[in-house]
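K.L.:
I have a structure here, written as structure tokens, and I will follow up with some questions on it.
Protein chains: 2
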Amino acid sequence: MIKHALNVTREANFAEWYQTVITEADMAEESGVRGCMVIRPWGYGIWERIQRLLDDRIKATGHENCYFPLFIPLSYFEKEAEHVDGFAKEMAVVTHHRLIHKDGKMIPDPEAKLEEPLVVRPTSETVIGAAFSRWVQSWRDLPVLINQWANVVRWEMRTRMFLRTAEFLWQEGHTAHASVEEAREETMKMLEVYRSFAEECVAMPVIAGEKPENERFPGAVSTYSIEAMMQDGKALQAGTSHFLGTTFSSAQDIKFQNSEGQLELAQTTSWGMSTRMIGGLIMTHGDDDGLRVPPRVAPWQVVIVPMLRDNDEDAALIDYCKGIQQELARQYAFGEPVRALLDLRAAKAVTKRWGWIKKGAPLVVEVGGRDMAGGNVSVTVRTDLYKEDGKLNSAIVARDAFLAEAIGRLEAVQKALYDEAKARTDANIVRDIADFAGLESYFEGAGKFPGWVEVEWARPSGAELDKVVERLKALKLTFRNVPNDAAPATGTCIFTGAPAVERILVARAY
Amino acid sequence: MIKHALNVTREANFAEWYQTVITEADMAEESGVRGCMVIRPWGYGIWERIQRLLDDRIKATGHENCYFPLFIPLSYFEKEAEHVDGFAKEMAVVTHHRLIHKDGKMIPDPEAKLEEPLVVRPTSETVIGAAFSRWVQSWRDLPVLINQWANVVRWEMRTRMFLRTAEFLWQEGHTAHASVEEAREETMKMLEVYRSFAEECVAMPVIAGEKPENERFPGAVSTYSIEAMMQDGKALQAGTSHFLGTTFSSAQDIKFQNSEGQLELAQTTSWGMSTRMIGGLIMTHGDDDGLRVPPRVAPWQVVIVPMLRDNDEDAALIDYCKGIQQELARQYAFGEPVRALLDLRAAKAVTKRWGWIKKGAPLVVEVGGRDMAGGNVSVTVRTDLYKEDGKLNSAIVARDAFLAEAIGRLEAVQKALYDEAKARTDANIVRDIADFAGLESYFEGAGKFPGWVEVEWARPSGAELDKVVERLKALKLTFRNVPNDAAPATGTCIFTGAPAVERILVARAY
Chain A
1 MIKHALNVTR EANFAEWYQT VITEADMAEE SGVRGCMVIR PWGYGIWERI QRLLDDRIKA
61 TGHENCYFPL FIPLSYFEKE AEHVDGFAKE MAVVTHHRLI HKDGKMIPDP EAKLEEPLVV
121 RPTSETVIGA AFSRWVQSWR DLPVLINQWA NVVRWEMRTR MFLRTAEFLW QEGHTAHASV
181 EEAREETMKM LEVYRSFAEE CVAMPVIAGE KPENERFPGA VSTYSIEAMM QDGKALQAGT
241 SHFLGTTFSS AQDIKFQNSE GQLELAQTTS WGMSTRMIGG LIMTHGDDDG LRVPPRVAPW
301 QVVIVPMLRD NDEDAALIDY CKGIQQELAR QYAFGEPVRA LLDLRAAKAV TKRWGWIKKG
361 APLVVEVGGR DMAGGNVSVT VRTDLYKEDG KLNSAIVARD AFLAEAIGRL EAVQKALYDE
421 AKARTDANIV RDIADFAGLE SYFEGAGKFP GWVEVEWARP SGAELDKVVE RLKALKLTFR
481 NVPNDAAPAT GTCIFTGAPA VERILVARAY
Chain B
1001 MIKHALNVTR EANFAEWYQT VITEADMAEE SGVRGCMVIR PWGYGIWERI QRLLDDRIKA
1061 TGHENCYFPL FIPLSYFEKE AEHVDGFAKE MAVVTHHRLI HKDGKMIPDP EAKLEEPLVV
1121 RPTSETVIGA AFSRWVQSWR DLPVLINQWA NVVRWEMRTR MFLRTAEFLW QEGHTAHASV
1181 EEAREETMKM LEVYRSFAEE CVAMPVIAGE KPENERFPGA VSTYSIEAMM QDGKALQAGT
1241 SHFLGTTFSS AQDIKFQNSE GQLELAQTTS WGMSTRMIGG LIMTHGDDDG LRVPPRVAPW
1301 QVVIVPMLRD NDEDAALIDY CKGIQQELAR QYAFGEPVRA LLDLRAAKAV TKRWGWIKKG
1361 APLVVEVGGR DMAGGNVSVT VRTDLYKEDG KLNSAIVARD AFLAEAIGRL EAVQKALYDE
1421 AKARTDANIV RDIADFAGLE SYFEGAGKFP GWVEVEWARP SGAELDKVVE RLKALKLTFR
1481 NVPNDAAPAT GTCIFTGAPA VERILVARAY
């Protein structure tokens, strides 16, 4: 019987386990400001890795970074009714620009009320659209391909760290094109960037596909997403890409003269990925000992812990460890120098070891005086933590052998995490349910952590779709997406009985 | 007579020249949101370079990045009177969290008024202090060394792009220590990080020193700055480092048990550098042809422009240029791979050339069919733009020779920019003024772009200092700092006649 590092298991209480991982891995904490969290170094370090790797891919596909204002005048939002209605209920509004003392307190100065209130951006289509309308005059100015890394605010009433917070960090790409074809191609290209990034860097298998009408971004013609299966069987939308057609170009007047000299509205897109991805990483890879971070996004891939004894031998031990650290930093894993930390904090080695296990560092290397004397190190691999007898699986390895194998081990951890999640996802999508009763009985009988169901449907619209959505809601289910690589439909819609046109994923979701 | 690329010179109208550089180099533009700018790709690309290089130095000195909330509850500010009074006049205040439709417009929902208004952070000492009070219990938890990259808002009435905007981007470091000595050492260490970063990366000579009492950050015990001389002789404060003593630890209750078991208040510091640095870069290095970007912070160090003719030879020309780009990217300048862009946009080569000159790319390489046939390229170095006869100084160079010399040329441009600014700064600090009348007559007689004056003073305080500050204000002058490496004082204070204790810089300033 293994004694795990956390005091709650996934099986016992998944929501509590999730929060425990965040706390025990020092990733984030409540800030005291409603709905906002403090992202601590280990959590932020993972975000920095995500930023670096995703930014490289965004730039490699021809986009440049810009920065647009945090505040958006109300009038910008009023121009596009569907968009503003989609966000109006959760907008933080700035109304004053000065504080004064009154009765021993500070209050907003009634004399410093803004003529027009400003909204703290929940997303930037409107303010970026206004810039595009200045930038785009001729077909020669197109395409415009930009991205920004920013904070956004959506005033959520029920928040959960990383998954749903009032303020969150993200990137939002915005592009303008001369034709529908080109804008649709961009939308799909960025969806593919998200898919490959999630799978290759975060080791998170995802299903890319189109959202149904009721799940579209406010103002979008088509919305696509990548959906990942968490260990409790719920779906997490981990990135979205929108074809916006002329919704924002007509609202913000983004017009260009085409090569025939006629004025046309530009076709725009937008796409985003956020700190939510870190919540997805936790629920994909975490286990009952804490987090497991895929090496490509780990702030530290190897942590070296010298077993210091506050005696004369410590200096030699530290030197020995520094040598290992330097040798590692000269090697490349996944095309970048290995990130190896030498942990010299004033704490017991065993406390450090378990701290790094809970944080999910891929490789933990401990070195005591005896190891050093034998030219060895003791290696713990985060994805292979216990022996069959339940004891910690730390192996004594010759220093040089460890250095020769380190890159291979990191690659193996990256692959093991992906393979495990991929096998779980594949094993938990049911594709043979042919009617609504079958759907109901699957979710009634599937136990605590049901998987996903992929069913055939006729793509109902409007009021007919609303009714279907209500029926799903009663089962706590939602539509996720129509997978790009789903098999063709051959039967009838399980919701309407009409001839089916495609297959769609149904799941509980975050 | 040289015909320069800009339609206004520094000499004719420095303020208009500054704005023209920003526009012509596509760095930033008005956003339509009061006091906020849009930072365009070339401006943001420089910021990304600054971020990368400064972040490396912040991490190398032991700091880790975190992220704290954008919003700060009013009650956090009320705890420290001096601090809140310093910022109260320019705070953006969020009062509502929802919009509703009313009479065809959107308004903040009166039913969704926040119980406690939230301030959009102007700086984060209060909210980070609250986190420190949770993190610090024992001397073993110290020091805490963290940094965040964030946007902040100060509601400025008179704004100027990069120099003073309502919203700006910065990094703010915050640390907590067990002793005054250690906190003061940290304050000076980060001041030195700023000095070396400004000089080595931005090629901007600066003077590091302590601010006088009247220029301290609200709540600080001591404030230090780096000050740079712009080409109009004005001073720009380009980074600050504050020793905060126990101001925020007493307000936010950051206490620790020392090794003797007694409770003590922690000693804290904070330090910041912002997008203002880009304004400083422009006014340090720009010339009448636009911006000149030091290679270390240039988004593209080499721009390759093939002279395309829309004919069959274009493909071979593009291949030839791609070969050069790839060879460059394999080389290292300043420890990083060379950043070389191949400019394939649909525009005339001459338009592109002058576009990149105005943007200040260090090296512009043009290649026509004849150059290719001869195995050559045409190189323009941004810091050596004209021949003696006033013609553009583009030189035909053998391709291989260019590739062999490219790193050396980039290093030479970096050095030339620094040397030029350093010589100008050194030549324009007057150190032999012995009384206030001398100060007055210097600034009256110094012409359009006066330099700085370093004078001896007795470090007056309180009301006595206020009077001195008023006298300087009448001359549009301010105290900059007491240079760390100034000569010792030997005479009398030019303001009070008392025995002088140190030397202080006086200047007009941004």
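Which chain is which? The protein sequence lines are A and B, in order. All residue numbers for the first sequence refer to the working numbering, where the first residue is 1 and numbers rise by one. All residue numbers for the second sequence refer to the working numbering, where the first residue is 1001 and numbers rise by one. All residues carry an ideal CB built from backbone N, CA and C; glycine is no exception. What you are looking at is a predicted structure, and each value in this text was computed from that prediction instead of being measured.
Identify every run of the alpha helix (DSSP H) within the region 1065 to 1097 of chain B, keeping only runs that are complete inside it and at least 4 residues long; order them along the chain.
P.N.:
Counting whole runs of 4 or more residues, the region 1065 to 1097 of chain B contains the alpha helix (DSSP H) stretches 1074 to 1078, 1081 to 1087.
K.L.:
Below 8 Å on the Cβ atoms is my contact criterion, and I expect Phe1087/B with Pro1122/B to pass it. Report the Cβ-Cβ distance as a whole number of Å.
P.N.:
Residue mapping note: residue 1087/B aligns to position 87 of the second sequence, counting from 1. Residue mapping note: residue 1122/B aligns to position 122 of the second sequence, counting from 1. Confirmed, about 5 Å.
K.L.:
For Phe334/A, which of helix, strand or coil comes out of DSSP?
P.N.:
Counted from its first residue, the first sequence places residue 334/A at position 334. Here Phe334/A sits in coil by DSSP.
K.L.:
Checking contacts by CB at 7 Å: is Met1190/B closer than that to chain A?
P.N.:
On the second sequence, position 190 is the one that residue 1190/B refers to. Closer than 7 Å: no.
K.L.:
Give the straight-line distance between the Cα atoms of Val180/A and Thr268/A, rounded to the nearest whole angstrom.
P.N.:
Residue mapping note: residue 180/A aligns to position 180 of the first sequence, counting from 1. Residue mapping note: residue 268/A aligns to position 268 of the first sequence, counting from 1. For Val180/A and Thr268/A, the distance between alpha carbons rounds to 9 Å.
K.L.:
At what residues does the alpha helix (DSSP H) containing Trp517/A begin and finish?
P.N.:
Nothing about residue 517/A can be reported from this structure: the residues present for chain A run from 1 to 510 only.
K.L.:
Strictly under 7 Å for the Cβ-Cβ distance: is Val1350/B near chain A by that measure?
P.N.:
Walking along the second sequence from the start, residue 1350/B turns up at place 350. Chain A contact via Cβ: absent.
K.L.:
In angstroms, rounded to a whole number, what distance separates the CA positions of Asp489/A and Ala1373/B?
P.N.:
Taking the first sequence and counting its residues from 1, the one referred to as residue 489/A is at position 489. Taking the second sequence and counting its residues from 1, the one referred to as residue 1373/B is at position 373. Residue 489/A is actually Ala in this sequence, not Asp. Cα to Cα, the separation comes out at about 59 Å.
K.L.:
Please check if any C-beta of chain A sits within less than 7 Å of the C-beta of Phe1068/B.
P.N.:
As a working note, residue 1068/B is residue 68 in the second sequence. Phe1068/B counts as touching chain A.
K.L.:
Look at the alpha carbon of Arg1195/B and the alpha carbon of Trp1017/B, and state the distance between them as a whole number of angstroms.
P.N.:
Indexing the second sequence from 1 puts residue 1195/B at position 195. Indexing the second sequence from 1 puts residue 1017/B at position 17. Rounded to the nearest angstrom, the two C-alpha atoms are 27 Å apart.
K.L.:
Taking CB distances under 7 Å as the criterion, tell me whether Ser1138/B reaches chain A.
P.N.:
Your numbering for residue 1138/B matches position 138 in the second sequence. Not an interface residue.
K.L.:
Beta-carbon of His83/A versus every beta-carbon of chain B: anything under 7 Å?
P.N.:
Stepping through the first sequence from its first residue, residue 83/A is reached at position 83. Answer no: the Cβ-Cβ gap between His83/A and chain B never drops below 7 Å.
K.L.:
At 7 Å on the CB atoms, spell out the chain E contacts of Leu74/A, in chain order.
P.N.:
No chain E is part of this structure, whose protein chains are labelled A and B.
K.L.:
Which residues, in order along the region 1084 to 1100 of chain B, keep a beta-carbon less than 8 Å from a beta-carbon of chain A?
P.N.:
Taking 8 Å as the Cβ-Cβ cut-off against chain A, the residues of the region 1084 to 1100 of chain B that qualify are Val1084, Ala1088, Lys1089, Glu1090, Met1091, Ala1092, Val1093, Val1094, Thr1095, His1096, His1097, Arg1098, Leu1099, Ile1100.
K.L.:
Quick check on the burial criterion: 16 or more other C-beta atoms within 10 angstroms. Buried or exposed for Leu392/A?
P.N.:
Translated into the one-based positions of the first sequence, residue 392/A becomes position 392. When all chains shown are included, Leu392/A counts as exposed.
K.L.:
Quick check on the burial criterion: 16 or more other C-beta atoms within 10 angstroms. Buried or exposed for Gly245/A?
P.N.:
Position 245 of the first sequence, counted from the first residue, corresponds to residue 245/A. Buried, since its Cβ has 16 or more Cβ neighbours within 10 Å.
K.L.:
I need the straight-line Cα distance from Ile1050/B to Glu64/A, nearest angstrom please.
P.N.:
For this step, residue 1050/B is matched to residue 50 along the second sequence. For this step, residue 64/A is matched to residue 64 along the first sequence. Their backbone Cα atoms lie some 16 Å apart in a straight line.
K.L.:
Listed in chain order, which residues of the region 1355 to 1366 of chain B have Cβ atoms closer than 9 Å to some Cβ of chain A?
P.N.:
Answer in chain order: no residues at all.
K.L.:
Report yes or no: is there a C-beta of chain A within less than 7 Å of the C-beta of Arg1040/B?
P.N.:
Position 40 of the second sequence, counted from the start, is the residue given in the question as residue 1040/B. It does: the Cβ of Arg1040/B has a partner Cβ on chain A nearer than 7 Å.
K.L.:
Which whole runs of the beta strand (DSSP E) in the region 1136 to 1168 of chain B are 3 residues long or more, in chain order?
P.N.:
Correct list: 1144 to 1153.
K.L.:
Report buried or exposed for Ile396/A, applying the criterion of at least 16 other Cβ atoms within 10 angstroms of its Cβ.
P.N.:
In the first sequence, counting from the first residue as 1, residue 396/A sits at position 396. It counts as exposed.
K.L.:
Determine the direct distance from the alpha carbon of Leu54/A to that of Glu470/A, and round the result to whole angstroms.
P.N.:
Here residue 470/A refers to the residue found at position 470 of the first sequence. Here residue 54/A refers to the residue found at position 54 of the first sequence. If you take the alpha carbons of Glu470/A and Leu54/A, they lie about 37 Å apart.
K.L.:
In whole angstroms, what is the alpha-carbon distance linking Thr1020/B and Pro1069/B?
P.N.:
Sequence index remark: in the second sequence, residue 1020/B carries index 20 (1-based). Sequence index remark: in the second sequence, residue 1069/B carries index 69 (1-based). Distance between the alpha carbons of Thr1020/B and Pro1069/B: 36 Å.
K.L.:
By the criterion of Cβ-Cβ separation under 9 Å, what are the contact partners of Phe248/A in chain B?
P.N.:
As a first step, residue 248/A is located in the first sequence; it is residue number 248 there, counting from the start. Those do not exist, as Phe248/A stays about 15 Å from chain B at its closest Cβ, beyond 9 Å.
K.L.:
So if DSSP puts Ser222/A in a beta bridge, which residue, or which two residues, is it bridged to?
P.N.:
Reading the first sequence from its first residue, position 222 is the one you call residue 222/A. Bridge partners of Ser222/A: Phe243/A.
K.L.:
Going by C-alpha to C-alpha distance, which of Met230/A, Asn214/A, Tyr224/A sits closest to Ala203/A?
P.N.:
Indexing the first sequence from 1 puts residue 203/A at position 203. Among Met230/A, Asn214/A, Tyr224/A, the Cα nearest to that of Ala203/A is on Met230/A.
K.L.:
State yes or no: is the beta carbon of Gly279/A nearer than 7 Å to at least one beta carbon in chain B?
P.N.:
By 1-based counting over the first sequence, the position of residue 279/A is 279. Judged by the 7 Å Cβ criterion, Gly279/A is not in contact with chain B.
K.L.:
Can you list, in chain order, the residues of its chain whose CB lies under 7 Å from that of Glu1264/B, leaving out five sequence neighbours each side?
P.N.:
Position 264 of the second sequence holds residue 1264/B. If we look at Glu1264/B and ignore the five residues flanking it on each side, its Cβ neighbours are Lys1255, Phe1256, Asn1258.
K.L.:
Please tell me whether Glu116/A and Pro73/A are closer than 7 Å, where the distance is taken between their beta carbons.
P.N.:
Reading the first sequence from its first residue, position 116 is the one you call residue 116/A. Reading the first sequence from its first residue, position 73 is the one you call residue 73/A. Yes, these two residues count as a Cβ contact at 7 Å.
K.L.:
May I ask you to report which of helix, strand or coil DSSP gives Glu1016/B?
P.N.:
As a first step, residue 1016/B is located in the second sequence; it is residue number 16 there, counting from the start. In this structure, Glu1016/B counts as helix in the three-state DSSP scheme.
K.L.:
Chain A partners of Tyr1044/B, CB-CB under 7 Å?
P.N.:
Counting from one through the second sequence, the residue named residue 1044/B turns up at place 44. Those are Asn65, Cys66, Tyr67, listed as they occur along chain A.
K.L.:
Counting only the same chain and skipping the five closest in sequence on each side, list residues whose C-beta sits under 6 Å from that of Trp271/A.
P.N.:
Translated into the one-based positions of the first sequence, residue 271/A becomes position 271. So the list reads Gly173, Met190, Ser241, once near-sequence residues are dropped.
K.L.:
Here's the rule: buried if 16 or more other CB atoms are within 10 angstroms of the residue's CB, otherwise exposed. What is Arg503/A?
P.N.:
The residue labelled residue 503/A in the question sits at position 503 within the first sequence. Buried is the call here.
K.L.:
Pick from His1083/B, Lys1089/B, Lys1234/B: whose alpha carbon is nearest that of Leu1163/B?
P.N.:
Along the second sequence, read from residue 1 onward, the residue named residue 1163/B stands at position 163. The residue with the shortest Cα to Cα distance from Leu1163/B is Lys1234/B.
K.L.:
Would you report the Cα separation of Ser138/A and Ala1028/B, rounded to the nearest angstrom?
P.N.:
Taking the first sequence and counting its residues from 1, the one referred to as residue 138/A is at position 138. Taking the second sequence and counting its residues from 1, the one referred to as residue 1028/B is at position 28. In a straight line, the C-alpha of Ser138/A is about 21 Å away from that of Ala1028/B.
K.L.:
Residues of chain B with a CB under 8 Å from the CB of Glu167/A: which are they?
P.N.:
Numbered from its first residue, the first sequence carries residue 167/A at position 167. Neighbours of Glu167/A on chain B, chain order: Pro1069, Leu1070, Phe1071.
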